[in-house]
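J.: One structure, as structure tokens, below. Some questions next.
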Amino acid sequence: DASTANNLFNPMHLLRDFDYGTLKQENGRTIREFKVTATNSLIELNNVVSFNAWTFNNRIPGPTLRAKQGDRIRIIFENKGGHSHSMHFHGIHPANVDGVRPVTNGKSTIYEFDAEPYGVQLYHCHIEPVTRHISKGLYGMFIIDPPQPRPPADEMVLVMGGYDINDDDRNELYAFNGYPEYYSRNPIRIYQNQLVRLYVLNMIEFDVAATFHLHANFFQVYPTGMTLKPTHETDVITMGTAQRHILEFSYKYTGKYMFHPHQDFIAEHGCIGEFEVLPQ
Amino acid sequence: DASTANNLFNPMHLLRDFDYGTLKQENGRTIREFKVTATNSLIELNNVVSFNAWTFNNRIPGPTLRAKQGDRIRIIFENKGGHSHSMHFHGIHPANVDGVRPVTNGKSTIYEFDAEPYGVQLYHCHIEPVTRHISKGLYGMFIIDPPQPRPPADEMVLVMGGYDINDDDRNELYAFNGYPEYYSRNPIRIYQNQLVRLYVLNMIEFDVAATFHLHANFFQVYPTGMTLKPTHETDVITMGTAQRHILEFSYKYTGKYMFHPHQDFIAEHGCIGEFEVLPQ
Amino acid sequence: DASTANNLFNPMHLLRDFDYGTLKQENGRTIREFKVTATNSLIELNNVVSFNAWTFNNRIPGPTLRAKQGDRIRIIFENKGGHSHSMHFHGIHPANVDGVRPVTNGKSTIYEFDAEPYGVQLYHCHIEPVTRHISKGLYGMFIIDPPQPRPPADEMVLVMGGYDINDDDRNELYAFNGYPEYYSRNPIRIYQNQLVRLYVLNMIEFDVAATFHLHANFFQVYPTGMTLKPTHETDVITMGTAQRHILEFSYKYTGKYMFHPHQDFIAEHGCIGEFEVLPQ
Ligand SMILES: [Cu+2]
Ligand SMILES: [Cu+2]
Ligand SMILES: [Cu+2]
Ligand SMILES: [Cu+2]
Ligand SMILES: [Cu+2]
Ligand SMILES: [Cu+2]
Ligand code: NA
Ligand code: NA
Ligand code: NA
Ligand code: NA
Ligand code: NA
Ligand code: NA
Ligand SMILES: [Zn+2]
Ligand SMILES: [Zn+2]
Ligand SMILES: [Zn+2]
Ligand SMILES: [Zn+2]
Ligand SMILES: [Zn+2]
Ligand SMILES: [Zn+2]
Ligand SMILES: [Zn+2]
Ligand SMILES: [Zn+2]
Ligand SMILES: [Zn+2]
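Protein chains in written order, with the working numbering: chain A, 4 to 283; chain B, 4 to 283; chain C, 4 to 283.
Spelled out as structure tokens, the structure:
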């Protein structure tokens, strides 16, 4: 079933795939340019469910856009999705680039603003009904690094999402990074005693919150990624829709360890995975 | 539809309306006296839905009672609602004024206690079923100011509520300050670079939590309003029923910016609004 | 109905019942040994509902296991439940004792690991569907004390649970420590101005979160019990499934005071209780 799980994109690649854009110089200023296209994509969520997803760059979540605080950001957004979409960013920016205006099918627009402040931000389509446009797959992470980079770590992105297969405003399936249970069938390999830096985002609609839980370990929490020092330590953290954090940890012992929301209904319906801790 | 939205009260007035009560001197002590009456009120939630609300002082939320820490508080509560109600306050007080005893229709009672500690507190009817008495509209904010006043700011109150129109223990409509989508049709005017101090309270029953999200900005969080310094900064905060905070921010750029729970189902069913940031 | 409420176990006893295990010396090391047995138990949740519970040591929650940081822990787990179960602990431990492997009916296993780090941890069965095995009653608290004991206090355990009586993935009843409304009919006696240290855990499945609210008072929060100093103060705290904290408070005035999740639907369906504050 690994081939099924890879029909649209590969979650293992997506996990550590950061899009830093293309650097350009204009009028003496550095600009980081990104290209994002909205399309419709058929995604085989499992052996029996094919889902008409709406995607940014043919993947769920969309590309993990990444910049440094103070960079000038330019997103060239093209809508090939068949009807109106947009890209709304979390972060500080003027109203005219807030991404709440529809970009009709076949049109493009440019969102340009300064990347501020550092933290784990996000973007998503903001066309009504937003519940539909988000649960169809139109969301992604936007990481703004602090001026002084964080310490070296094995960095990865985990985005929790929900799928409302039958349009009844409830989710039948859930996933980390697009494919239900992908990281259970294909555990994420990490190394004993190595620092892991998770960028975690909850984009599940209809359920008002989900927790992130890690087995046999605890993580340091950097709320919204907006601090340079952790504020507390735990192994279960509640995240309402659109909340996101940096979570850091390392495993002392080798072996396989699950991670999942501890709302076990959500875990049992696909939002679950495993770390495989290898000896150093 | 502005007239429809104002049939019972005006949310724009309610937003910055603080009830400091009547100051009295008794036995050498200063007393702050408030009058609150429970009644039934027909409220037109939108063009098609008239709702038999239960209200404190003919508004949803009830009056924003406000005092300074250490004041002696006296609430003269009169029940004209047709059946039993009460006023239960959050805060420190003796059991006999905890407001869990029914005040039968046509009767009055007095709740008297010291206002402590400073923070964003609340009150609500505590007659069973509490879900019904709260979702019918019987709740309000109770602000206790610290001994040293907070710095000057444009202060306003936003209370999230839910309406169970068909009595099935789910909400069909939601609102900030009573009327669904009022502040979308009538954006809240604020000024560029001016400090805004939001007193936010979640009184939505049946959904276990809601977030508060602000577009294109971040806010400083004072949890339960019980600190004088913010503890962290974010743009999405999870609030279970009866949670409340002070959130502070200012907008750098002019224009219109949405605010809403990021559980977009709740936003799309009425709990949504806009700030209009005007040049200084 | 006190007799009904005591048909399987006595929640008043369970409240302050800490299982420190049996101390053994092996190869110069101190070991703390616990015995836990999974069985099926008929529990009369109220006068009309008998529930086929699955229990650890014939109680819900299971025994409150308690150790000091650094102790060697040995749990001798015996499964007499009629089908597979397990004990999965939160805390740091190797993969082979993570408790995700089924222990078939009639078999035993031993989970042995170092108790680390200090905090309010927990255990629960991790056999699929976990929602079912948890909501049937297979969970308990695991307290790891810090090297320097916390100050003296009246310590007690409150675990929030939900019962899905009709197997529809929703809860019809809820409880603190097993029996719906037990502590409303039998208030918990405490003393005026005495420090109370609550160990609170939310094990409610299907509802993604619940708050803990205390009437007429505020509590100091020690998140996940992993700090020695409180991080903040409030009277309503949101807890996703498997979240747990230490909450400390004392009552200034005598009398009876309710506590309950402020999602009042959950409170009205059994998760509610009272403190009776007696004069010193
Ligand atoms: Cu869209
Ligand atoms: Cu958003
Ligand atoms: Cu009432
Ligand atoms: Cu309350
Ligand atoms: Cu089990
Ligand atoms: Cu668990
Ligand atoms: Na659905
Ligand atoms: Na777990
Ligand atoms: Na309803
Ligand atoms: Na938004
Ligand atoms: Na049920
Ligand atoms: Na209450
Ligand atoms: Zn669209
Ligand atoms: Zn676990
Ligand atoms: Zn697990
Ligand atoms: Zn009433
Ligand atoms: Zn937003
Ligand atoms: Zn929005
Ligand atoms: Zn089992
Ligand atoms: Zn209360
Ligand atoms: Zn109450």
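Where is the CB? At the ideal position from N, CA and C, for every residue including glycine.
Determine the direct distance from the alpha carbon of G94 of chain A to that of A8 of chain B, and round the result to whole angstroms.
T.: For the purposes of this step, residue 8 of chain B is taken as the residue at position 5 of the second sequence. For the purposes of this step, residue 94 of chain A is taken as the residue at position 91 of the first sequence. At A8 of chain B the pLDDT is 44, less than 50, meaning the model places this residue with poor confidence; the figure from the coordinates comes in the next sentence. Roughly 32 angstroms between the two C-alpha positions.
J.: Under 7 angstroms, Cβ to Cβ, is there at least one residue of chain B near S6 of chain C?
T.: Stepping through the third sequence from its first residue, residue 6 of chain C is reached at position 3. Low confidence applies to S6 of chain C: its pLDDT is 40, below 50, so where it sits in the model is not reliable, and the reading given next is rough at best. Not an interface residue.
J.: Do Q266 of chain A and A213 of chain A have their beta-carbon atoms positioned less than 7 angstroms apart in this structure?
T.: For this step, residue 213 of chain A is matched to residue 210 along the first sequence. For this step, residue 266 of chain A is matched to residue 263 along the first sequence. Closer than 7 angstroms, so yes.
J.: Is F268 of chain B close to chain C, meaning its C-beta is less than 7 angstroms from at least one C-beta of that chain?
T.: Locating residue 268 of chain B in the second sequence gives position 265, where the first residue counts as 1. Taking Cβ atoms only, chain C never reaches closer than 7 angstroms to F268 of chain B, which makes this a no.
J.: Over what stretch of residues does the beta strand (DSSP E) that includes Y256 of chain B continue unbroken?
T.: In the second sequence, residue 256 of chain B corresponds to position 253, counting from 1. Per DSSP, Y256 of chain B belongs to no beta strand (DSSP E) and is neither H nor E.
J.: Based on Cα-Cα distance, which residue from B:A156, B:Y177, B:V103 lies nearest to Y114 of chain B?
T.: Along the second sequence, read from residue 1 onward, the residue named residue 114 of chain B stands at position 111. The shortest C-alpha separation from Y114 of chain B is found at B:V103.
J.: Could you pull out every residue in the same chain whose Cβ sits closer than 8 angstroms to the Cβ of N196 of chain C, ignoring the five residues on either side in sequence?
T.: As a first step, residue 196 of chain C must be located in the third sequence, where it is residue number 193. Same-chain partners within the cutoff: S253, Y254, K255, Q283.
J.: Can L176 of chain C and L48 of chain C be called in contact, C-beta distance under 7 angstroms?
T.: Walking along the third sequence from the start, residue 176 of chain C turns up at place 173. Walking along the third sequence from the start, residue 48 of chain C turns up at place 45. Contact: yes.
J.: Suppose you measure from the CA of P264 of chain A to the CA of F221 of chain C; what does that come to, to the nearest Å?
T.: Mapped onto the first sequence, residue 264 of chain A falls at position 261. Mapped onto the third sequence, residue 221 of chain C falls at position 218. Cα to Cα, the separation comes out at about 29 angstroms.
J.: Hey, is G164 of chain C's beta-carbon within less than 7 angstroms of any beta-carbon in chain B?
T.: Stepping through the third sequence from its first residue, residue 164 of chain C is reached at position 161. False, the Cβ-Cβ gap to chain B never drops below 7 angstroms.
J.: I want to check one thing, is the minimum distance from the CB of N60 of chain B to the heavy atoms of ligand 7 below 6 angstroms?
T.: Your numbering for residue 60 of chain B matches position 57 in the second sequence. No, ligand 7 has no heavy atom inside 6 angstroms of this Cβ.
J.: Buried or exposed, going by whether 16 or more other CB atoms sit within 10 Å of the CB of N50 of chain A?
T.: By 1-based counting over the first sequence, the position of residue 50 of chain A is 47. When all chains shown are included, N50 of chain A counts as exposed.
J.: Exposed or buried, what is V224 of chain A when buried is set at 16 or more other beta-carbons lying within 10 Å of its beta-carbon?
T.: Reading the first sequence from its first residue, position 221 is the one you call residue 224 of chain A. Classification of V224 of chain A: buried, given that the 10 Å Cβ count is 16 or more.
J.: CB of M261 of chain A to nearest heavy atom of ligand 15: below 6 angstroms?
T.: Along the first sequence, read from residue 1 onward, the residue named residue 261 of chain A stands at position 258. True, at least one ligand heavy atom lies under 6 angstroms from that Cβ.
J.: Go through the residues and name those whose CB comes closer than 7 angstroms to any heavy atom of ligand 11, in chain order.
T.: Listed by chain position, these are C:D167, C:I168, C:N169, C:D170, C:D171, C:D172, C:R173, C:N174, C:E175.
J.: Whole angstroms are fine: how far does the CA of F215 of chain C sit from the CA of Y260 of chain C?
T.: Mapped onto the third sequence, residue 260 of chain C falls at position 257. Mapped onto the third sequence, residue 215 of chain C falls at position 212. Approximately 14 angstroms between the Cα atoms of the pair.
J.: Here's the rule I'm using: 16 or more other beta-carbon atoms within 10 Å means buried, otherwise exposed. How should C274 of chain B be labelled?
T.: Within the second sequence, the letter at position 271 stands for residue 274 of chain B. Classification for C274 of chain B: buried.
J.: Looking at chain B, which residues of the region 226-237 of chain C have a Cβ within less than 7 angstroms of any of its Cβ atoms?
T.: So the list reads H235, E236, T237, given in the order they occur along the chain.
J.: Taking 6 angstroms as the limit between beta carbons, can you name the residues of its chain near T25 of chain B, skipping five residues before and five after?
T.: Within the second sequence, numbered from 1, the residue matching residue 25 of chain B stands at position 22. Cβ within range, chain order: E36.
J.: What residue range does the beta strand (DSSP E) around M90 of chain B cover?
T.: As a first step, residue 90 of chain B is located in the second sequence; it is residue number 87 there, counting from the start. Taken as a continuous stretch (DSSP letters only), M90 of chain B belongs to no beta strand (DSSP E), as it is neither H nor E.
J.: Grab me the residues of G228 of chain C's own chain with a C-beta within less than 6 angstroms of its C-beta, minus the 5 sequence neighbours each way, in chain order.
T.: Here residue 228 of chain C refers to the residue found at position 225 when the third sequence is read from its first residue. Cβ within range, chain order: G122, V123, I249.
J.: Where does Y23 of chain A sit, in a helix, a strand or coil, going by DSSP?
T.: Here residue 23 of chain A is taken as the residue at index 20 of the first sequence, counted from 1. Three-state result, Y23 of chain A: coil.
J.: Check whether the Cβ atoms of F21 of chain C and T58 of chain C lie closer than 7 angstroms to each other.
T.: As a working note, residue 21 of chain C is residue 18 in the third sequence. As a working note, residue 58 of chain C is residue 55 in the third sequence. No, Cβ-Cβ distance for F21 of chain C and T58 of chain C is not below 7 angstroms.
J.: Report yes or no: is there a C-beta of chain A within less than 7 angstroms of the C-beta of T244 of chain C?
T.: Within the third sequence, numbered from 1, the residue matching residue 244 of chain C stands at position 241. It does: the Cβ of T244 of chain C has a partner Cβ on chain A nearer than 7 angstroms.
J.: How about G273 of chain A: is its C-beta nearer than 7 angstroms to some C-beta of chain C?
T.: For the purposes of this step, residue 273 of chain A is identified with residue 270 of the first sequence, where counting begins at 1. Judged by the 7 angstroms Cβ criterion, G273 of chain A is not in contact with chain C.
J.: Taking DSSP's pairing of strands, which residues face Y161 of chain B in a bridge?
T.: By one-based count along the second sequence, residue 161 of chain B stands at place 158. Here the sequence assigns Leu to residue 161 of chain B, which means Tyr is not the residue at that position. B:V203, per the DSSP bridge assignment.
J.: My understanding is that A205 of chain B touches R247 of chain B, with C-beta atoms under 8 angstroms, so please give their C-beta distance in whole angstroms.
T.: As a first step, residue 205 of chain B is located in the second sequence; it is residue number 202 there, counting from the start. As a first step, residue 247 of chain B is located in the second sequence; it is residue number 244 there, counting from the start. Sequence check: residue 205 of chain B is Asn here, not Ala. The pair is a contact, with the Cβ atoms about 7 angstroms apart (cut-off 8 angstroms).
J.: Taking CB distances under 7 angstroms as the criterion, tell me whether A118 of chain C reaches chain A.
T.: Stepping through the third sequence from its first residue, residue 118 of chain C is reached at position 115. No, A118 of chain C lies away from the interface with chain A (no Cβ there is under 7 angstroms from its Cβ).
J.: Report the CB separation of F92 of chain B from F145 of chain B in whole angstroms; it is logged as a contact under 8 angstroms.
T.: Your numbering for residue 92 of chain B matches position 89 in the second sequence. Your numbering for residue 145 of chain B matches position 142 in the second sequence. About 6 angstroms; that satisfies the 8 angstroms criterion.
J.: Using only CA atoms, which one of C:V106, C:N13, C:R19 lies nearest to V203 of chain C?
T.: Your numbering for residue 203 of chain C matches position 200 in the third sequence. Closest by alpha carbon: C:R19.
J.: Examine chain B for any beta-carbon lying closer than 7 angstroms to the beta-carbon of T134 of chain A, and answer yes or no.
T.: Numbered from 1 along the first sequence, position 131 holds the residue referred to as residue 134 of chain A. Yes, because at least one Cβ of chain B sits closer than 7 angstroms to the Cβ of T134 of chain A.
J.: Might you give, ordered along the chain, the residues of its own chain that have their beta carbon closer than 8 angstroms to the beta carbon of G285 of chain B, omitting 5 neighbours on each side?
T.: Because chain B spans 4 through 283 in this model, residue 285 of chain B falls outside it and cannot be assessed.
J.: Flag this pair as yes or no: are the beta carbons of R200 of chain C and E236 of chain C separated by less than 7 angstroms?
T.: For the purposes of this step, residue 200 of chain C is taken as residue 197 along the third sequence, with counting starting at 1. For the purposes of this step, residue 236 of chain C is taken as residue 233 along the third sequence, with counting starting at 1. Going by C-beta atoms, R200 of chain C is not nearer than 7 angstroms to E236 of chain C.
J.: Would you mind working out which of A:G165, A:I147, A:Y194 sits nearest A156 of chain A, comparing C-alpha positions?
T.: Position 153 of the first sequence, counted from the start, is the residue given in the question as residue 156 of chain A. Closest option to A156 of chain A, Cα to Cα, is A:Y194.
J.: Measuring only the C-alpha atoms, how far is A5 of chain B from N61 of chain B?
T.: By one-based count along the second sequence, residue 5 of chain B stands at place 2. By one-based count along the second sequence, residue 61 of chain B stands at place 58. A caution first: A5 of chain B carries a pLDDT of 38, below 50, which makes its placement in the model unreliable, though a value can still be read off. Distance between the alpha carbons of A5 of chain B and N61 of chain B is about 18 angstroms.
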